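First the structure, in the form of structure tokens, and then the observations on it.
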Amino acid sequence: MHYAISYQAEHNDFLICTSRRKSLKHKLICVRQGLVLVKLGKHEFAVEPNQYFWLPFDTLVSITYTPNTLVDTIELSSRVSLRLPKQAGFIKSNELMTALLNRLRDVPATRDKQIDLLTVLQQELVDLCPALKEGKLSQQIAQWKYDGESSLSSELQLVLRVREANKQMQSGKKRPVVVEALFDGNDSLFTGLEKAILGR
1268 MHYAISYQAE HNDFLICTSR RKSLKHKLIC VRQGLVLVKL GKHEFAVEPN
1318 QYFWLPFDTL VSITYTPNTL VDTIELSSRV SLRLPKQAGF IKSNELMTAL
1368 LNRLRDVPAT RDKQIDLLTV LQQELVDLCP ALKEGKLSQQ IAQWKYDGES
1418 SLSSELQLVL RVREANKQMQ SGKKRPVVVE ALFDGNDSLF TGLEKAILGR
């Protein structure tokens, strides 16, 4: 069933990387726990807990959900007649929007229980003023290289390393070559990380 607006709470136990594609709906990402990386063009923006990121319909984007991430997602059909923001970026949630999202987390996940809350929330989204700004963490991630020094946490660096390995293999590089470059040839280490971070 396709609705004009919908709400979903997601808990991602493992690393999830979406391919680069145009968004089919308007989307508001609200991070409750963990870290979400939103890549627009050549820039990747780190969305941290209690931050909100707006993605308009038809935005070319890829999204990385790091392990153990809790995210609330509001999606709106591209056919809604509201004048929604056409610019992607971070937004500041007002008191009403925060209260509505908190309430959506608590009500049973049934359409009739959510619809009144979503209708009010939909009106709030019209007044959003998204802005793209690279915070400190976004800059550190942009500067991260698997063979260099970094001030990022070792846990996040491992996640980025596994993501890089996965990306290189998907682009055609042989597994032994990737393991040699990123994990000093230790395939058993990489296999363990695949299980812990990718869940496979």
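Going left to right, the sequence shown walks through residues 1268 to 1467 as this note's numbering numbers them. We put the CB at the ideal spot given by N, CA and C, even for glycine. Only a predicted model underlies this, so the values are computations on that prediction, with no experimental measurement involved.
Mind checking residue i: buried by the 16 CB within 10 Å criterion, or exposed?
i, result
"residue 1323", "buried"
"residue 1327", "exposed"
"residue 1456", "exposed"
"residue 1294", "buried"
"residue 1268", "Residue confidence is low: residue 1268 scores 44 on pLDDT, short of 50, so the model does not pin down where it sits. No coordinate-derived value is stated."
"residue 1374", "exposed"
So, for residue i: in the same chain, excluding its five sequence neighbours on each side, which residues have a beta-carbon less than 6 Å away from its beta-carbon?
i, result
"residue 1354", "1397"
"residue 1271", "1344, 1347"
"residue 1277", "1338"
"residue 1273", "1342"
Relative to the C-alpha of residue i, which candidate in the options has its C-alpha closest?
i, options, result
"residue 1351", "1362, 1307, 1400, 1321", "1321"
"residue 1447", "1438, 1466, 1413", "1413"
"residue 1389", "1336, 1408, 1340", "1340"
"residue 1342", "1386, 1375, 1451", "1386"
"residue 1330", "1288, 1273, 1452", "1288"
"residue 1310", "1458, 1453, 1406, 1443", "1406"
"residue 1312", "1395, 1402, 1375", "1402"
"residue 1395", "1319, 1431, 1411, 1314", "1319"
"residue 1404", "1415, 1391, 1419", "1419"
"residue 1459", "1301, 1443, 1429", "1429"
"residue 1369", "1314, 1299, 1284, 1280", "1299"
"residue 1336", "1421, 1284, 1408", "1284"
Measure the C-alpha to C-alpha separation of residue i and residue j and round it to an integer number of angstroms.
i, j, result
"residue 1462", "residue 1348", "45 Å"
"residue 1498", "residue 1423", "Only positions 1268 to 1467 of the chain appear in this structure, which leaves residue 1498 out of reach."
"residue 1286", "residue 1296", "17 Å"
"residue 1275", "residue 1377", "11 Å"
"residue 1291", "residue 1364", "23 Å"
"residue 1361", "residue 1438", "42 Å"
"residue 1411", "residue 1301", "19 Å"
"residue 1391", "residue 1305", "23 Å"
"residue 1452", "residue 1317", "39 Å"
"residue 1380", "residue 1357", "28 Å"
"residue 1279", "residue 1408", "20 Å"
"residue 1315", "residue 1303", "7 Å"
"residue 1440", "residue 1359", "41 Å"
With a threshold of 8 Å on Cβ separation, who are the neighbours of residue i within its own chain once the five nearest residues in sequence on each side are excluded?
i, result
"residue 1426", "1282, 1333, 1334, 1464"
"residue 1307", "1326, 1327, 1328, 1355, 1399"
"residue 1372", "1276, 1339"
Quick one: what's got a C-beta closer than 7 Å to residue i's C-beta in the same chain, skipping five residues either side?
i, result
"residue 1393", "1349, 1350, 1351"
"residue 1435", "1445"
"residue 1449", "1413, 1428, 1431, 1432"
"residue 1250", "Residue coverage of the chain in this structure runs from 1268 to 1467, which leaves residue 1250 outside it and unanswerable."
Would you say residue i touches the ligand ADP, meaning its beta carbon is less than 7 Å from a heavy atom?
i, result
"residue 1447", "Absent from the structure shown: the ligand ADP. Ligands present: none."
* Which whole runs of the alpha helix (DSSP H) in the segment 1345-1394 are 4 residues long or more, in chain order? -> 1362-1373, 1378-1392
Task: Start-end ranges of the alpha helix (DSSP H) lying completely within the segment 1404-1463, minimum 4 residues - done: 1421-1437, 1442-1450, 1454-1460
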